[in-house]
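What follows is one structure encoded as structure tokens, with my remarks underneath.
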Amino acid sequence: MSHKKKRLHISSKNRWKRHWCSVRGASLILHSKEDSSVLYNARADPILCLDLEGSLVQTAYECFKRNHVFTISLPNGHAYYMQAITQGELLKWIQQLHCSAAIACTRQLNRSLAIDKLRMRCTQLETEIEGDLKIKNRADNKLSSTQDVSLKEKLSNELTPLEFSVDLLQAELYRYRFTN
């Protein structure tokens, strides 16, 4: 995600204050001074940090006294009015903020899809483990009940890879459950 830094004005009870903004991931970060070390420093304290996930950014036609004004409406009901320097900057800001919000939504969607796939894989592994354990138990029962040495040797040779397979499946299931 590319960082964008520009000067914006933010409205506060009919007074407009000058701030410098940067977009990082799905957040709009406002600073009081134009300094690239402040804008890109993660430790610098911003004035305001807006989470753009689920937000709506659009031109604010109701602010007819000022040019190039847009609004950021957040899901919690808060709205922020900001003014760009030119019409081109206004359009760039709106596009950049929409892209950031879309990326956040996509990230959340991808996460939920990944979690669903992990749960499906866990269910498949549990089924495979259950089937292999049934086969292993049958072989163990035959092994304990038979007296024939050659049959015991054959069954024990079949049990070794089956036990190894069950162990691998259980390890894989543990990893999937741990990430889920």
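Counted from 1, the sequence shown has number 1388 at position 128 by this note's numbering; the numbering is strictly sequential.
Built from N, CA and C at the ideal position, the CB exists for glycine as well.
Only a predicted model underlies this, so the values are computations on that prediction, with no experimental measurement involved.
Taking the CA atoms as reference points, Leu1393 sits about 21 angstroms from Arg1379. The DSSP-derived three-state label of Thr1366 is helix. In this structure, DSSP gives Ala1399 a helical state, which the three-state scheme calls helix. Per DSSP, reduced to three states, the secondary structure at Lys1277 is strand. Among the bridge pairs identified by DSSP, Tyr1321 is matched with none. If you compare the alpha carbons of Arg1278, Leu1429 and Asn1397 with that of Ile1345, the shortest gap goes to Arg1278.
In its chain, beyond the 5 residues on either side, Trp1280 have a beta carbon closer than 7 angstroms to the beta carbon of Lys1293. Residue pairing from DSSP places Cys1309 in a beta bridge opposite Ile1289. Nearest to Met1342 by C-alpha distance, out of Pro1335, Asn1336 and Leu1350, is Leu1350. Per DSSP, the continuous beta strand (DSSP E) segment holding Ile1332 begins and ends at Val1329 to Ser1333.
An exposed status is given to Leu1369, since fewer than 16 other beta-carbon atoms sit within 10 Å of its beta-carbon. Ala1339 sits exposed, since fewer than 16 C-beta atoms from the chains shown fall within 10 Å of its C-beta.
Collapsing the DSSP output to three states places Ala1339 in a strand. Segment contact: the region 1388-1402 against the region 1418-1430, three or more CB-CB distances shorter than 8 angstroms; contact assigned.
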